[in-house]
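Heads up: the sequence shown begins at 169 in the working numbering, then just goes up one per residue.
Inspection log for the structure reproduced underneath, given as structure tokens.
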Amino acid sequence: MSQVQRESMEYDVVIVGAGPSGLSAAIRLKQLDPDLSVVVLEKGSEVGAHILSGAVLDTCGLDALLPEWRTMDAPIKTAVKEDNFYILGPAGKVRIPNWPMPPLMNNHGKYIVSMANVCRWMAQVAEGLGVEIFPGMSCSELVYDGDRVAGVVAGEFGRDPETGEPGPSYEPGMELRGKYVFLGEGVRGSLAKEIIAKYDLSKGHEPQKFGLGMKEIWEIDPAKHKLGTVTHTMGWPLGSNAGGGSFIYHLENNQVYVGFVVHLNYKNPYLYPYMEFQRFKHHPMVAALLEGGKRVAYGARAISEGGYQSMPKMVAPGVALLGCSVGMVNVPRIKGNHNAMLSGKAAAEAAHAAIKAGRMGDELSDYETEVRTGAIGKDLKKVRNVKPLWSKYGLVASLMGGGADMWLNTIGLTLFGTLKHGKTDAAATGKAKDYKPIDYPKPDGKLSFDRLTNVAFSFTNHDENQPAHLKLKDPSVPIRVNLPEYAEPAQRYCPAGVYEVLGEGAEATFRINFQNCVHCKTCDIKDPSQNINWTTPMGGGGPNYPNM
């Protein structure tokens, strides 16, 4: 490729990603010093467009960042009033009472929120403090100055989809340079992945583990709506095929979030996570709630699940990783937004102290120390063994052993020390010859829907003339390796129907429908050959979640 000449702009701190971590960092920087120049770059068409989270929010992060948020017209209104947990069978359910659960599992005092709307509100707060926020600005590459990260390239588009060279409508974008760069891209961000590899930040840490979260918003019969009700389930339909579970949250306007999570360390390559989600909605308990209602939105997103032992080193010269770029989700609580906010706040404080001391481009070691020894580390350390217990010994062991360990951790003790995760999710995939295909019921168009119909409800869009952001390291691998060895699981693990195998035998070909991509990153994580590289779309695009 020819060398591209770009204009550049200088800032004190450049932040990639207008999620809860990035916006918290921006707000805190301006609280500490209004004269700092801070820019936030967001690849979504607007702040919140790419945020999928039907969340129960622990407000501890927001309390620390904006103590007066309750008087600031925040879109945080629906307090949790009822908290239910069920183990499902094919036609029945067993409720697990709340009293034996560790205190940290209690959702009372928390709020059911749309994190997309929370982030839109946080963006307004940040802009009111003088933060510059640029949506629709994909960051296609990092800028280095020697060994340090010095900035990012944002707003580049118009490269030829076949050659990658600048086309007739090419715009080179700009270099946005900073004394420090924060990456708050979310799970498996392409820039964070580059940083982790370049600086070997995962050395000495367990592999990151992931889940695939899928969600629909439904408007239901007002007679069935119970504002503030939170329900979580495990068991059917996944059974022994995979770990995971569901959530159903009742929020305002007779709406419910219906979500389903499948842990991506499943072995059977014939497992079809999207269809497990659709089948789940036909359980009598769920069907009774949704019948007569209508689905109004759909989306999917990978979730970091490795927790305490999987967090890589989170700083390198000039750069810090925030929130889910590190992996700060408390898996049994199904909560990570509070830790994302706390991480942004901690990174901002470390950067402010460094700039005040006349430093730039070094490692913000104080940030790393705060995350590992402060509130975030303490939150994640208590639950560090739940995920490996579940992965190795199943649901019952996780509930009993993990529950006992969480109880003991409330007083600083543990049954197991710190368990290891072992294989990556990609390496956990078994060979097709060792498993049987799973027969999934056909969607009925009322409670369950085919993938492409549902993708339309994510309002995703990419320019057909932009380069495909889903790149194969070796184009021959899907048909030559993955199809005979693993029945090419990309056909099934993608929740948006991006990947297809067309034809059979010697005529088989692999097609990538990148226009369907909802940016969940599952392909980058689960491909058994690690042959798919998810990159930031050059030219933007992706989902446009209305209220997710």
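Positions of the beta carbon are idealized from the N, C-alpha and C atoms, including for glycine.
How would you label R238, buried or exposed, when you count the other beta carbons within 10 angstroms and need 16 or more for buried?
Exposed, since its Cβ has fewer than 16 Cβ neighbours within 10 Å.
If you follow the alpha helix (DSSP H) that P646 is in, where does it begin and where does it stop?
No alpha helix (DSSP H) contains P646, which DSSP labels as neither H nor E.
Is S170 buried or exposed, if buried means 16 or more other CB atoms sit within 10 Å of its CB?
Legend: pLDDT at S170 = 48, less than 50; position of this residue unreliable, no value from coordinates given.
Can you tell me where the alpha helix (DSSP H) with H575 in it begins and where it stops?
Per the sequence shown, the amino acid found at residue 575 is Trp instead of His. Looking at the DSSP string, the run of the alpha helix (DSSP H) that includes W575 is G571 to N577.
Rounding to the nearest angstrom, what Cα-Cα distance links S559 and L432 in this structure?
Spanning the two alpha carbons is a distance of roughly 10 Å.
Classify L670 as buried or exposed, calling it buried when 16 or more other Cβ atoms lie within 10 Å of its own Cβ.
That one is exposed.
Under 9 Å between the Cβ atoms of V208 and A186?
Taking 9 Å as the Cβ cut-off, V208 and A186 qualify as a contacting pair.
A247 by DSSP, collapsed to three states: which one?
Of the three classes helix, strand and coil, the one that applies to A247 here is strand, per DSSP.
According to DSSP, is N701 part of a helix, a strand, or is it coil?
It is a strand residue.
Quick one: measure Cβ to Cβ for H393 and F415, integer angstroms, because I've assumed they're closer than 8 Å.
Actually they are not in contact, since the Cβ atoms of H393 and F415 sit about 16 Å apart, beyond 8 Å.
Identify whether R552 lies in helix, strand or coil by the three-state DSSP scheme.
In this structure, R552 counts as coil in the three-state DSSP scheme.
Tell me which same chain residues have a C-beta within less than 6 Å of the C-beta of S308, skipping the five on either side of it?
Excluding sequence neighbours, S308 sits near V321, E324, T704 and M706.
According to DSSP, is N629 part of a helix, a strand, or is it coil?
In the structure shown, N629 sits in a strand (DSSP, three-state: E or B).
Would you mind sorting S306 into buried or exposed? The rule is 16 or more other CB atoms within 10 Å of its CB.
It is buried - the Cβ of S306 has at least 16 other Cβ atoms within 10 Å.
Secondary structure at M382, three-state DSSP: helix, strand or coil?
In the structure shown, M382 sits in a strand (DSSP, three-state: E or B).
Compute the Euclidean distance between the alpha carbons of N690 and C662, then round it to the nearest angstrom.
A small fix is needed here, since residue 690 is Thr in this sequence, not Asn. Straight-line Cα distance between these residues: approximately 7 Å.
Any chance you could list the beta strand (DSSP E) runs of at least 3 consecutive residues sitting entirely within the region 428-485, in chain order?
Here the runs fully enclosed are 462-472.
So S358 is in the alpha helix (DSSP H); what residue range does that whole segment cover?
Note, S358: alpha helix (DSSP H), S358 to K366.
Does the distance from the CB of N421 to the CB of E473 come in under 9 Å?
Taking 9 Å as the Cβ cut-off, N421 and E473 do not qualify as a contacting pair.
List the endpoints of the continuous beta strand (DSSP E) containing G542.
Segment: none, G542 is in no beta strand (DSSP E) and carries neither H nor E.
With a threshold of 16 other CB atoms inside 10 Å of the CB of D226, please say whether the residue is buried or exposed.
Under this definition D226 is a buried residue.
Taking the straight line between their C-alpha atoms, what separation do you get for S282 and Y713?
Going from the Cα of S282 to the Cα of Y713 covers about 11 Å.
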